[in-house]
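S.K.: Dumping the structure here so I can ask a few things about it.
In our numbering, the protein residues as written are 168 to 223.
Structure (structure tokens):
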């Protein structure tokens with residue numbers, strides 16, 4: 168199969184597109200795929216710390 172990351176999701180209207188900008192609302196798009204899992208995650212402790220600080 169092809170590479171990951173071709174499909175994108177608009178942050179405003181939640182529609183999927185292949186473009187870099189949403190064709191409907193011209194909003195920002197990002198990849199809907201989660202990050203790859205690795206047991207040797209060097210930055211995992213920082214991500215977990217951010218989640219704890221972000222959650223009231």
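From the three backbone atoms N, C-alpha and C, an ideal C-beta is built for every residue, glycine too. Treat the numbers as computed from the prediction; the structure is a model and nothing was measured.
Residue 208 to residue 215, Cα distance in whole Å?
M.R.: Approximately 12 Å, taken between the alpha carbons.
S.K.: Identify, in the order they occur along the chain, each residue of the same chain with its Cβ nearer than 8 Å to the Cβ of residue 203, setting aside the five sequence neighbours on each side.
M.R.: Cβ neighbours of residue 203 beyond the five flanking positions: none.
S.K.: What residues match up with residue 197 in a beta bridge as DSSP calls it?
M.R.: For residue 197, which the question treats as bridged, DSSP gives the partners 176.
S.K.: For residue 175, does the count of other Cβ atoms within 10 angstroms reach 16, so buried, or fall short, so exposed?
M.R.: Buried, because 16 or more other Cβ atoms sit within 10 Å of the Cβ of residue 175.
S.K.: Taking the alpha carbon of residue 191 as the point to measure from, which residue in 200, 179, 210 and 201 has its own alpha carbon closest?
M.R.: It is 179.
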